[in-house]
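In my numbering, the protein residues as written are 576 to 1231.
Written out below as structure tokens is the structure these notes cover.
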Amino acid sequence: MAEEKETKSIDQGTLELIEKAAKEGVNTTFDRAESIKACPIGSVGSCCKHCGMGPCRVPLPKGKEETPEDKKKRRGVCGATAETIAARNFIRMIAGGAAAHSDHGRGVAELFLEVAKGGAPGYEIKDEQKLLQVALDLGVEIGERSNNEIAADIGRIALGEYGKQAGELITLRKAPLKRQELWRKLGVAPRGIDREIVEIMHRTHIGVDQDYKSLLKQGVRTALADGWGGSLMATDLQDILFGTPAPILGQANLGVLEEGEVNIIIHGHEPLLSEMIVTVAQEPEMIKLAKSKGAKGINLSGMCCTANEILMRHGVPIAGNFLQQELAIVTGAVDAMVVDVQCIMQSVQTVAECYHTKIITTSPKARIPGATHVEFDEHDALKSAREIVKTAIENFPNRKGNIHIPDNKTDQIAGFSHETINYLLGGMFRASYRPLNDNIINGRIRGVAGVVGCNNARTKHNEAHITMVKELIKNDVLVLTTGCNAIACAEAGLLVPEAAKQFAGKGLAEVCETVGIPPVLHMGSCVDNSRILIAATAMVKDGGLGDDISDLPVAGAAPEWMSEKAISIGQYFVASGVYTVFGVTWPTTGSKEVTDYLFKDMEEMLGGMWAFEPDPIKAAHLMIAHIDKKRKALGIDQARERVLYDMDMRRELDAV
Ligand code: BF8
């Protein structure tokens, strides 16, 4: 039993709850991952189910090299080759991911416009400085106009970007100039967000685009529409409405649940409703009501990316990441789990039925049979939030008594938006990335890695995340994190400044100590990967590290990815010039041509490319090798060999 437990998570509390679930006969994702085998043909992209003549399976020949004769036979009923099939499947994943992020962005833009027009009481513009910055980015007149007038124009322009038919997305202009030119030259600058996603669905319909290179190019265009379009707008508009994150102390892991309080977990992705729940849970009438039911108070916590959103802005604790969602309910202490969209397992409802937990769905786009539905109305968001919090409080007396909350929680410092990093490094009046660039040039920091993405029930929970991140920081690579990787890092104690001394290499530790930052910087949720793009652009603009993102000593990774969103993110990292390594499994290995194109040819085209390596240590070293390659190309590889830096040497390096 002990051995079996060991294979499922590196986190003690998670293991305790897996065991509790087993004892109580509760089926979880960990059980299903064992009983359901992934289809070996579909998982490598060799199954086409896009029409009623299929599904057509076109597997590689078993146990031998593929011959030209074999290749001829690997076709679907319509004649589509294994390459076409793998590329179609891959870019449909991009379409799914880009749609999820961008539809989230659209929802934010709609609310934003309503707020500007005064139609969404309870919301307000919290970050005026960012409002003005975004106005400048989008070419909105500022002059003597009120914030609401400016915001209304921003909202209209942002919404217009979704349905735009021609030209290119305005926010592409935030990328380095050289990168923008490259996208234009390659014909991958997205026109409108919805248009690119729809075009993937069209091109991958039977009998349309049957050239894998052409299909993959549309994948690039659509992913760019996500990263530099829908996701970027979601982040920017959320910052204006809810505040741009700044460093904040919080806690993480299942131990944040409180036995004596009403526990409400907010799970999903969009902060529109969760922001209101945060407000309502602090209202004296709600606390009074909770006490009248025998609770000491109300304890809010988050799960998955909603958790990151409300942590970054309010310090609300995080109960867990993707693979911990059912286990939170297994504690027996969750009175309500409020969900909106994305990464919510349908089984939270079946697990909840074994305890007393109420699952409350809130989005008209995402219903779960058996759950309570309280539809979020942005025109009266406080009313929706109050109804939800009341439902949770009234459920407190229904607990069944079989409660176990693991005794594990860690401190974390989150809130590292691009603006915050800029400020921390350079100060209010000379905010810049200069000290980061300088420390990369002088070799104290070897490079920067964006490590992001999901958990995957096919691998040991959090293991690849933590192994990779520790290996990177040990080798003086500063890590920027988002999504479920950020939560894993928080749970492992990597998001506090003291972690630098304990886990980072000497150079990185020195810089972290001087600036007072952790070696791993939590930048937010998955849509906030756009913050990493902006940080990379700021590094380029600050000078000394080349003139495009592809020149920077940086790399990206998603060691435990599973969602389509992760594929879209990876593709926009690659298309932005970043070498990007994924773990677990790779969805195109059924076609050598398609895989080679992604892993090799894309570097020639875009300066960034995909790689696949399930071993997190090896993957970290692929990233480090790439970082070193870039250092060499920049002529700063020698700097790392210097041991002591006197002032003259520093000045010399500053002048590079
Ligand atoms: O958007 S990292 S499991 S929660 S998909 Fe989902 Fe993956 Fe977590 Fe957030 Ni992102």
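Even for Gly, the Cβ is constructed at its ideal location relative to N, Cα and C.
Please read these numbers as outputs of a predicted model, since none were measured by experiment.
Sequence-distant residues of the same chain with beta carbon closer than 8 Å to residue i, five excluded per side
| i | result |
| --- | --- |
| Q793 | I666, E771, E774, I775, R778 and D784 |
| Q1213 | none |
Test item: CB-CB of residue i and residue j under 8 Å
| i | j | result |
| --- | --- | --- |
| H625 | H780 | yes |
| G1025 | G1131 | yes |
| V619 | P1189 | no |
| M920 | T604 | yes |
| S938 | P820 | no |
| P751 | T1112 | yes |
| P1093 | V1129 | no |
| V1027 | T995 | no |
| L707 | A726 | no |
| A798 | I669 | yes |
| R1019 | G1119 | no |
| A1075 | A1084 | yes |
| G762 | S1105 | no |
| L734 | A684 | yes |
| A1242 | A608 | The chain is shown from 576 up to 1231; residue 1242 falls before or after that span and cannot be answered. |
| S823 | I841 | The identity of residue 823 in the sequence shown is Ile, whereas the question assumes Ser. Against a cut-off of 8 Å, the Cβ pair of I841 and I823 comes out as no contact. |
Nearest-angstrom Cα separation, counted from residue j out to residue i
| i | j | result |
| --- | --- | --- |
| K933 | N1014 | 50 Å |
| C631 | I717 | 57 Å |
| C1029 | S1138 | 7 Å |
| G1152 | M861 | 50 Å |
| T1170 | T1164 | 6 Å |
| D786 | T659 | 6 Å |
| K965 | I1202 | 52 Å |
| A1079 | I1048 | 5 Å |
| T1034 | S867 | 44 Å |
| V633 | H1036 | 32 Å |
| Q1077 | K1045 | 10 Å |
| A882 | Q826 | 11 Å |
| S621 | A655 | 11 Å |
| K1204 | G693 | 53 Å |
| H948 | I904 | 18 Å |
| E833 | I978 | 11 Å |
| G1091 | E1168 | 47 Å |
| L791 | F951 | 37 Å |
| L747 | R766 | 10 Å |
| M1198 | E1179 | 18 Å |
| I1211 | Q917 | 42 Å |
| V855 | D1117 | 43 Å |
| D1254 | P944 | One cannot answer for residue 1254 here, as it falls past the ends of the chain, which runs 576 to 1231. |
| E1135 | V1156 | 11 Å |
| A1186 | G1145 | 10 Å |
| V1023 | K583 | 30 Å |
| S1125 | A1200 | 14 Å |
| M576 | K598 | For M576, the predicted structure reports a pLDDT of 39, less than 50, and the residue's modelled location is therefore unreliable. A value from the coordinates is still provided. Going from the Cα of M576 to the Cα of K598 covers about 12 Å. |
| G835 | S959 | 25 Å |
| G890 | Y1172 | 43 Å |
| V652 | P615 | 20 Å |
| A1150 | G1182 | 8 Å |
Beta-carbon contacts of residue i that lie in its chain and below 7 Å, excluding the five residues immediately before and after
| i | result |
| --- | --- |
| V837 | A865, A870, I873, N874, D910, A967, I968 and F971 |
| G588 | N828, L829, G830, P981 and N983 |
| A1110 | H993, I996 and L1055 |
| F897 | C879, C918, C1029, N1030 and C1059 |
| V1218 | With a pLDDT of 47 at V1218, under the threshold of 50, the modelled position of that residue is not reliable, and no figure is offered here. |
Proximal residues to residue i (C-beta, below 6 Å), its chain only, five neighbours per side dropped
| i | result |
| --- | --- |
| V831 | S876, P892, A894 and K984 |
| E884 | P846 and S1100 |
| E850 | F817 |
| S1166 | A657, E658 and A661 |
| A927 | I904 and I934 |
| D1122 | K753 |
| I732 | L713 |
| E591 | P981 |
Report task. Please go through the stretch 999-1036 and give each complete beta strand (DSSP E) segment of 3 or more residues, from N-terminal end onward. Result -> Runs found: 1022-1026.
Query - Length at least 3, wholly inside the stretch 892-935: the beta strand (DSSP E) runs in chain order - result: Correct list: 893-895 and 911-914.
Query - Runs of beta strand (DSSP E) wholly within the stretch 1088-1157 (minimum 3 residues, chain order) - result: Within the stretch 1088-1157, the complete beta strand (DSSP E) runs of at least 3 residues are 1095-1097, 1129-1133 and 1154-1157.
**Report entry** Unbroken stretches of the alpha helix (DSSP H), 4 residues or longer, contained in the stretch 1182-1213
**Finding:** Secondary structure in the stretch 1182-1213: the alpha helix (DSSP H) runs of 4 residues or longer, each lying completely within the stretch, are 1191-1209 in chain order.
Query raised in the report: Counting only runs that start and end within the stretch 799-860, where is the alpha helix (DSSP H) found for 4 or more residues in a row?
Result: Correct list: 806-817 and 846-855.
Query - alpha helix (DSSP H) runs wholly inside the stretch 927-977, at least 4 long, in chain order - result: Those alpha helix (DSSP H) runs which fall completely within the stretch 927-977 and span 4+ residues are 956-970.
Report task. At 4 residues or longer, and completely inside the stretch 691-720: list those alpha helix (DSSP H) runs for me, N to C. Result -> Uninterrupted alpha helix (DSSP H) stretches at least 4 residues long and entirely within the stretch 691-720 occur at 703-713, given in chain order.
Query raised in the report: Mind pulling the alpha helix (DSSP H) runs of 4 or more residues that sit fully within the stretch 750-789?
Result: Whole alpha helix (DSSP H) segments, 4+ residues: 752-761 and 768-778.
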